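Our numbering puts the first residue of the sequence shown at 31, with every later residue one more than the last.
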Amino acid sequence: MRKKIWRKTLAVSMAGALALSVIVPVPFSNPVQAAAAEAAPAQVTADWYKTYQTMDGVGAAYAYTDSIHMLQLATAGHQDKVRHLLDLTFSEKEGTGHDIG
31 MRKKIWRKTL AVSMAGALAL SVIVPVPFSN PVQAAAAEAA PAQVTADWYK TYQTMDGVGA
91 AYAYTDSIHM LQLATAGHQD KVRHLLDLTF SEKEGTGHDI G
């Protein structure tokens, strides 16, 4: 019996909260004002010959789907296609030269 009363109370409370939120919406953040139209655009200059920081390289993720598809290709007898895809990924001479590490 208590469980039914608790469920009814919860249902009425949720319906009341939903109705109140539709009737009286409460903003969750302050409104944002757009910048004035007269503001001058910012000037950006890039100096391609000045080093600000160095990069080790770029990376990529080959997790989950790629490995599953390659395993399916290899199981189906397409080892040559798998080898070609692996060469495109990891070979420095014939591909992008990614490494594991």
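Using N, Cα and C, we set each Cβ at its ideal position, and we do this for glycine too. Just so it is clear, the structure is predicted and the values come from calculations on it, not from any experiment.
Subject >> Where Ile130 falls: helix, strand or coil (DSSP) >> reply: Translated into positions along the sequence shown, residue 130 becomes position 100. Coil.
Subject >> CA-to-CA distance, Ala90 to Tyr82, given in whole angstroms >> reply: Working through the sequence shown from its first residue, we reach residue 82 at position 52. Working through the sequence shown from its first residue, we reach residue 90 at position 60. Using only the alpha carbons, I get a separation of about 24 Å.
Subject >> Simplified DSSP assignment, three categories, for Asp117 >> reply: Residue numbering aside, residue 117 sits at position 87 when the sequence shown is read from its first letter. Asp117 falls in the helix class under three-state DSSP.
Original post:
Mapping DSSP to helix, strand and coil, what is Met85?
Top reply: Along the sequence shown, read from residue 1 onward, the residue named residue 85 stands at position 55. Note: Met85 maps to coil in three-state DSSP.
Original post:
Buried or exposed: Met100, going by 16 or more other Cβ atoms within 10 Å of its Cβ?
Top reply: The residue labelled residue 100 in the question sits at position 70 within the sequence shown. By the 10 Å Cβ count, Met100 comes out buried.
Original post:
Mind checking if Phe120 is an interface residue toward chain C, Cβ cutoff 8 Å exclusive?
Top reply: Protein chain content of the structure displayed is limited to a single chain, and chain C is not contained in it.
Original post:
In whole angstroms, what separates the C-alpha of Thr119 from that of Asp86?
Top reply: Here residue 119 refers to the residue found at position 89 when the sequence shown is read from its first residue. Here residue 86 refers to the residue found at position 56 when the sequence shown is read from its first residue. So the two alpha carbons sit approximately 18 Å from each other.
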